[in-house]
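Residue numbers (the working numbering): 705 to 919. Inspection log for the structure reproduced underneath, given as structure tokens.
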Ligand SMILES: Nc1ncnc2c1ncn2[C@@H]1O[C@H](COP(=O)(O)OP(=O)(O)O)[C@@H](O)[C@H]1O
Ligand SMILES: [Mg+2]
């Protein structure tokens, strides 16, 4: 079976932090690994991300957004993910097709059936085998994301998505929780309000159990 493990959740829920920590652990255990992210997991994807996240593009329509994320995914799956899975790597991916459902479907209001079709086409029908959903109130997530951005960049920085309303982010959160309800066996729901190290223990347990690594 493939070992495609995706990290999902709203902005600031700790996906990247937790992925970095578990990746370090798995590398120490010599687990063959691809660590990647959407939409910027390829050179082409990074350029597409530049269009998607540019806050000057506030007038971008939802359909364009959906197609651009799927264009980045099409490249990512074919160039990076499939070859890695075929060589029996564990793939850790920061966001994948569920994000298209949550953001462009649940939050932007595009038809879920349309999302299903473009997701399936762009990902060659590939589905995550395990998805960790980092869940927390949007106010906390956005606050964390803002503090992170202020530390990393100039203090006025936030991307096109982070600038969306609380209502938008609440719809994203609900969208994720709805997918989880439909596919509970694929998901692990993580309370992302807790301490980083405690969450890491939980992430580590889920992933080592899933890949059959004794720890
Ligand atoms: N459990 C946590 N408690 C407090 N702060 C956290 C926690 N997890 C992550 N952070 C901090 O919150 C910010 C956003 O985390 P990040 O991993 O970048 O989130 P995401 O990738 O989901 O947007 C970072 O500055 C990170 O250090
Ligand atoms: Mg991140």
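Glycine is no exception: its CB is placed at the ideal position from the N, C-alpha and C atoms.
Contact check for residue 830 and residue 709: beta-carbon distance about 13 Å, past the 8 Å limit, so the pair fails to qualify. For residue 744, the CB stays at least 7 Å from every heavy atom of ligand 2.
Separation of residue 915 and residue 763 (C-alpha to C-alpha, rounded to the nearest whole angstrom) is 43 Å. Residue burial annotation: residue 900 is exposed, with fewer than 16 other C-beta atoms found within 10 angstroms of its C-beta. By the Cβ rule, the stretch 879 to 889 counts as touching the stretch 808 to 823, because three or more pairs are nearer than 8 Å.
Its chain contains 715, 757 and 807 as the residues whose beta carbon lies nearer than 8 Å to that of residue 865, once the 5 sequence neighbours on both sides are disregarded; these appear in chain order.
By the beta-carbon neighbour count (other beta carbons within 10 angstroms, threshold 16), residue 765 is exposed. With a cutoff of 8 Å on beta-carbon distance, residue 819 and residue 770 are scored as near each other.
Of the residues 862, 739, 711 and 823, the one whose Cα lies closest to the Cα of residue 850 is 862. At least one heavy atom of ligand 1 lies less than 7 Å from the C-beta of residue 717.
Comparing alpha carbon positions, the residue from 755, 816 and 912 closest to residue 801 is 816.
Going by C-alpha positions, residue 746 is about 12 Å away from residue 773. Under the DSSP assignment, residue 813 falls outside any alpha helix (DSSP H); it carries neither an H nor an E label. Just so you know, the alpha carbons of residue 739 and residue 797 end up roughly 6 Å apart. For the 8 Å CB-CB criterion, residue 845 and residue 717 form a contact. For residue 826, the closest of 723, 875, 781 and 730 by C-alpha to C-alpha distance is 781. The beta carbon of residue 852 sits closer than 8 Å to those of 716, all from its chain and outside the five residues before and after it, given in chain order.
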